[in-house]
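Enquirer: Residue numbering for the sequence shown follows the numbering used here, beginning at 8 and increasing consecutively.
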Amino acid sequence: MTVKSKGLDHVAIVVRDLDAAIRLYRDTLGLELTQVEEVPEQQVTTAIFGRGMGRVELICPTTADSGVARFLEKRGEGLHHICLEVEDLEAALGALRAAGAPLVDQSPRPGAGGARVAFVHPRGARGVLTELREGPKD
Ligand code: ZN
């Protein structure tokens, strides 16, 4: 079984100072800031640059004891995860399970923008936390 991937949806970078990071990505690197959103369930604030595929997402913890805060504490700023857009998230999880890849999420959960998402553990993706996303169908 092969996952039907449509490509890179976004890369997510964890940062300590969201305002400073926004200034870098918007004012110095010239990317278009399209959304800033607090996500209480994840205890983070996110800033999205660009539209459609290939976006950049900055994530900054809002509390000291969330998963993202622990990640930042342990590894420092840098790449947090990549996200691939897939055609069928359940089928993708099935294919990964069959391939023996450890999954963070056994089943899809709600993500930003009406999408459904699930994470593959870094141990199952060559050291990179990998998000799979199935966008809303219209
Ligand atoms: Zn993401």
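Just so you know, even glycine gets a beta-carbon here, dropped at the ideal spot from N, CA and C.
Using the DSSP secondary-structure output, state which residues sit across from H17 in a beta bridge.
Expert: The partner list for H17 (beta bridge, DSSP) reads R62, C90.
Enquirer: Kindly indicate which residue of V93, R130, V135 has the alpha-carbon position closest to the one of G14.
Expert: Of the candidates V93, R130, V135, the one whose C-alpha sits nearest the C-alpha of G14 is V93.
Enquirer: On the DSSP bridge assignment, give the partners of R140 in chain order.
Expert: R140 pairs with E92, V124.
Enquirer: Does the beta-carbon of E64, which I'm using as the reference point, lie nearer than 7 Å to any heavy atom of ligand 1?
Expert: Result yes, Cβ under 7 Å from ligand 1.
Enquirer: Which one of G101, V21, V124 has the shortest CA to CA distance from G142?
Expert: Taking only the C-alpha atoms, the option nearest G142 is V124.
Enquirer: Does the beta-carbon of D16 have 16 or more other beta-carbons within 10 angstroms, so that it is buried, or is it exposed?
Expert: The residue is buried, with at least 16 neighbouring Cβ atoms inside 10 Å.
Enquirer: May I have all residues whose beta carbon comes closer than 5 Å to any heavy atom of ligand 1, sorted in chain order?
Expert: Ordered along the chain, the selected set is A19, C90, E138.
Enquirer: Less than 8 Å separating the beta-carbons of V51 and T69?
Expert: Taking 8 Å as the Cβ cut-off, V51 and T69 qualify as a contacting pair.
Enquirer: Name the two residues that bound the continuous alpha helix (DSSP H) containing V75.
Expert: Taken as a continuous stretch (DSSP letters only), the alpha helix (DSSP H) holding V75 covers 74-82.
Enquirer: So V10 and L103 are in contact, right, with Cβ under 8 Å, and what is the actual spacing, rounded?
Expert: That belief holds up - the Cβ atoms of V10 and L103 are roughly 7 Å apart, short of 8 Å.
Enquirer: Going by DSSP in three states, P47 sits in which element: helix, strand or coil?
Expert: Coil, per DSSP.
Enquirer: Closest to V135 by C-alpha separation, out of P115, A119, L25, F78, would be which residue?
Expert: Of P115, A119, L25, F78, the residue nearest in Cα terms is F78.
Enquirer: Are E80 and R23 touching if we call contact CB-CB under 8 Å?
Expert: No, Cβ-Cβ distance for E80 and R23 is not below 8 Å.
Enquirer: So, for L38: in the same chain, excluding its five sequence neighbours on each side, which residues have a beta-carbon less than 8 Å away from its beta-carbon?
Expert: Once the five neighbours on either side are set aside, the close Cβ partners of L38 are Y32, F56, G57, V63.
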